[in-house]
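Convert by adding 1057 to the 1-based position in the sequence shown; the result is the number in the numbering used here.
Each residue gets a CB set at the ideal place from its N, CA and C atoms; glycine is no exception.
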Amino acid sequence: MDTVANILTILLNGQKAQKKRVAVPFSRFSKRFLEFMKEQKFIGDIRLQEAPRAKIIVSLSYGDSGKPAIAGCRRISKPGKRVYATSRKLPYTRQETGMIVVSTPENNLLKFHPA
């Protein structure tokens, strides 16, 4: 299962339903990824809930007009069609605001692109 896609789907569905909080299954990567999103102000507060199964409770962020902080999500490389690129040819335009997650043999890299 794709952890990043799962987290983003949970967050986007929660925002579409105008929820204040959502629960994400716990993993060390999920926690790191959500902390990065919190630093970039895509989400509000995060806290760990140690119930029978550990979960991360995420407070969703909305703008003053009630507009969600996360506008959308697009997956470029899919299991059926992998996209490989050098660092100079990453598939994004520099004019877009957002975040790109790159998977490397060593680790996943997170990068924020400000406006």
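Item                                                                                                                                  : Value
Start and end residues, alpha helix (DSSP H) containing ILE1067                                                                       : 1060-1073
Best match in LYS1076, ARG1104, GLY1137 and LEU1091 for proximity to LEU1065 [C-alpha to C-alpha]                                     : LEU1091
Beta-carbon contacts of GLN1106 that lie in its chain and below 6 angstroms, excluding the five residues immediately before and after : LYS1112 and ILE1114
Close beta carbons around MET1094, own chain, < 6 angstroms, minus the five adjacent residues each side                               : ILE1100
One or two residues paired with GLN1106 in a DSSP bridge                                                                              : LYS1112
One or two residues paired with PRO1082 in a DSSP bridge                                                                              : LYS1112
Length of the line joining the Cα atoms of ARG1145 and GLY1123                                                                        : 37 angstroms
Candidates PRO1136, ILE1103 and VAL1159: closest to THR1143 by CA position                                                            : VAL1159
Assigned exposure category for SER1087 - 16 Cβ within 10 Å defines buried                                                             : buried
Distance CB(GLN1075)-CB(ILE1127) smaller than 8 angstroms                                                                             : no
Environment of LEU1117 [buried if 16+ CB atoms lie within 10 Å]                                                                       : buried
Alpha-carbon to alpha-carbon, THR1060 and ARG1085                                                                                     : 11 angstroms
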